[in-house]
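To start, the structure itself, in structure tokens.
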């Protein structure tokens, strides 16, 4: 027997019903913010990803040669493809460009709970503006996207990579030391950071300050230690401005300043933010984004870029964990011809109902009334229409309410209206 | 500069707007027929496709080894994955199962007009019934799917592989001869078929009969030459029954019987059908399907299966070729703060409108009124709201109709209703 490839999934119709609902809802939110949808291919030239993330990314991705010897890779994420598309074909379009996307991504990873080798991302890129209100709107979009699908308990964290780098520089941390502590900071393993800083010969009092700043949510503390740096002053002004817009315009007050967000230091710069769904436990981050720098690297004319990506699968898991009430799939009408001669009429009525958008099934196994009604019940059916010769001679059919079991004779000419009104 | 991989495409927001509309419309038609959506991974184990189509398929697909040495392939089509999913996880579900899907497929092919290395398919599988009414409904679904998206000029062709095989057997064609003439029949190169039959030593009068039967649309002619074969009699009965349902229940009268449909002889059997969009010229086939046999091959308990696939990209090209009038993307409201102090209020109003599903943009570049109105115009905007301090002091804003240029002072408390009513 053939099996689904390791680390990948099939989705049942119940799962797809939920996923379709979430995608539709997210599309509506993106659109309401003036974002437009684009799409890129499932694979890209491998160099696109190594240029962005370095050669070591090859260990984590599906790369392969095609029959013409081209080095290709299944996309591990969508920012690089979208910026490649922008540089190739959209540089002349009026700014700002507001682009959103949905797409499956792939990583070669040990499969584990909530982590798959094929996974879906939703996301967006904002190209051509670096105003604080633009960044505030971007964060508000991410926040609204998740709230609107039904996630009520989410946590927004906002950081700034420029400020972190200025602090590291101020205390003279070496590149080697920084590379060593970043993954520890990312995992909030601050005791381990302390050990490394001591080993690296950083003075104890400096060490304490660094650890305090990494864990503070008070911008004024950061300000105090970076006030002699001009770019720090500008970043702090912008951060305050972003926060004011979030609070006053978008009524988002439940954010936290989190200086230990150090994701994607290779190409992110300045503002970074993450959204967590605590219900997910260890793998709680469902959104990450910020300001980044890729256009120049990909050969385009420099322009400010920012964006975020949402883990679509984790969003679904979070909704399910909270027992969010999704609407169930249903069949509006199940038509049962009581003998072979009634089949033609059954389909004729079905076709009329379907043209009106009514979800209509006709028994396709000539099962008889009892078994057909049972099958209809199992499919969450609202009404059954039973078509028999005696009733049809009187231009009528039997309409059955599948909840109450009530049956009525209904004129053929009235059946569409009866169904649509119910 | 990085480029899109050879033979693949990026889709602009205008293209995605059309594709999204077509997908949504098709989903509604599938659902109205009682079909439910499923999804399988983008790649499968390579053997799934070689088991179905033979080893030679490897030349035409993207196959690769993952880092664990597994032989994988980007799916070239979706029937094999769906039946693999059915055998693995859905055999116990109540019959008939009506499954539909959308998915990108891949083939390693010389890129040419209308043929890409990544392409999208829509399709469905009907599992667990072999009644003629079930097959008629399947064909009607394919037909309605294409009509409902807006393709008015389509041609439905219906064939039968069992009857063709019986004819070949009756005239004692060898397997070698059949393998040789099938691709010629598929391309309607009947003169070349005649030459091959002569070379193979088939009597001239038999040759003429074979050629006539391959080109006839008269079932009675087929009947005449196959009346001594029991399975032929049954197939002809079923075909007549299918046609009666198509004509009488589904009001589809513009079909043609076409005995030269010989596609996928490896696993199709009995009924086959194709739908063409003549506007597409040489690459006019946009749908193909029929009755096939894969469940047993994939290790499942035998059950009747049928289905069809629609070329999503060709459907789009056919619609565009007919200058089908798609709705254009639009922005409902463009908000212009006339100075920095007005930005907060602008987003506050934007947020309220967006929560109502109104597509709302706010100037993100502090451009001033003139340039912002020009930008709004270029984006097909219906209304602009201009927010200035004097008006705001009177709890009002300026509402501008972007078509007429008419401007009115509107109370803040009325703005949502004004926009929603217009």
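Chains as they are written, first to last, in my numbering: chain P, 158 to 579; chain U, 158 to 579. Just so it is clear, CB atoms sit at the ideal spot from N, CA and C, and this is done for glycine as well.
Asked	Found
Give the interface partners of residue 109 of chain P over in chain U, defined as CB-CB distance under 8 Å, in chain order.	The requested residue 109 of chain P does not occur in the structure, where chain P is confined to residues 158 to 579.
Could you tell me which of U:205, U:317, U:181 and U:410 sits nearest to residue 160 of chain P, measuring between CA atoms?	U:205
Closer than 8 Å, CB to CB, is residue 499 of chain U near chain P or not?	no
Note down, in chain order, every chain P residue with its Cβ under 9 Å from the Cβ of residue 488 of chain U.	191
Under 9 Å between beta-carbons, which chain P residues line up against residue 308 of chain U? List them in chain order, please.	Per Cβ cutoff of 9 Å: no residues; residue 308 of chain U is ~16 Å from chain P at best.
Quick check on DSSP: helix, strand or coil for residue 198 of chain P?	coil
Using a Cβ-Cβ distance under 8 Å, would residue 553 of chain U count as near chain P?	no
Taking buried to mean at least 16 other C-beta atoms within 10 Å of its own C-beta, is residue 329 of chain P buried or exposed?	exposed
Does any C-beta atom of chain U lie closer than 8 Å to the C-beta of residue 406 of chain P?	yes
Run the CB neighbour count on residue 320 of chain P, radius 10 Å, all protein chains shown included, and call it buried at 16 or more, exposed below.	buried
Please report how far the alpha carbon of residue 494 of chain P lies from the alpha carbon of residue 570 of chain P, in whole angstroms.	18 Å
For chain P, check one thing: does any of its Cβ atoms lie closer than 8 Å to the Cβ of residue 188 of chain U?	yes
Given this structure, state the Cα-to-Cα distance separating residue 190 of chain P from residue 508 of chain U, to the nearest angstrom.	9 Å
Classify residue 304 of chain U as helix, strand or coil using the three-state DSSP reduction.	helix
For the stretch 193-207 of chain P against the stretch 299-318 of chain P, do three or more pairs of beta-carbon atoms, one drawn from each stretch, fall closer than 8 Å, so that the two count as touching?	no
Any beta carbon from chain U within less than 8 Å of residue 234 of chain P's own beta carbon?	no
Please confirm if residue 447 of chain U has its CB atom under 8 Å from at least one CB of chain P.	no
Which full runs of the alpha helix (DSSP H) of 4+ residues lie inside the stretch 290-344 of chain P, going along the chain?	318-327 and 332-343
So which residues of chain P does residue 451 of chain U contact, with C-beta pairs closer than 7 Å?	None at all; the shortest Cβ gap to chain P is about 10 Å.
Using a cut-off of 8 Å between C-beta atoms, extract the partners of residue 355 of chain U located in chain P.	Within chain P, no residue comes near residue 355 of chain U; the closest Cβ sits about 38 Å away, beyond 8 Å.
Find the nearest neighbour of residue 225 of chain P within the set U:228, U:216, U:496 and U:227, judged by alpha-carbon distance.	U:216
Extract the residue ranges of the alpha helix (DSSP H) inside the stretch 361-420 of chain P, only unbroken runs of 4 or more that lie entirely within it.	361-372, 376-383 and 387-405
When you compare the CB of residue 573 of chain U with every CB in chain P, is at least one pair closer than 8 Å?	no
Looking at C-beta atoms only, is the number of pairs between the stretch 263-279 of chain P and the stretch 464-476 of chain P that lie closer than 8 Å three or more?	yes
Between which two residues does the beta strand (DSSP E) carrying residue 565 of chain P extend?	564-568
Run through chain U and tell me which residues come within less than 7 Å of residue 291 of chain P, C-beta to C-beta.	521
Starting from the C-beta of residue 219 of chain U, find all residues in its chain whose C-beta is less than 6 Å away, skip the five residues before and the five after it, and write them out in chain order.	231, 263 and 265
Between which two residues does the beta strand (DSSP E) carrying residue 165 of chain P extend?	From DSSP, residue 165 of chain P is part of no beta strand (DSSP E); its letter is neither H nor E.
Report yes if the C-beta distance between residue 192 of chain P and residue 256 of chain P is below 8 Å; otherwise report no.	yes
I want to know whether the stretch 302-314 of chain U touches the stretch 427-436 of chain U - three or more CB-CB distances under 8 Å.	yes
So for residue 140 of chain P, helix, strand or coil by DSSP?	Outside the modelled stretch of chain P, which goes from 158 to 579, sits residue 140 of chain P, for which no answer is possible.
With hydrogens ignored, establish whether the beta-carbon of residue 347 of chain P is closer than 7 Å to any heavy atom of the ligand GDP.	The ligand GDP is absent from the structure shown, which contains no ligand whatsoever.
Would you tell me roughly how many angstroms separate the C-alpha atoms of residue 462 of chain U and residue 287 of chain U, rounded to the nearest one?	8 Å
Taking the CB atoms as reference points, tell me whether residue 523 of chain P and residue 541 of chain P lie closer together than 8 Å.	no
Classify residue 464 of chain U as buried or exposed, calling it buried when 16 or more other Cβ atoms lie within 10 Å of its own Cβ.	buried
Cutting at 7 Å between CB atoms, please list the residues of its own chain near residue 395 of chain P, excluding the five before and the five after it.	289
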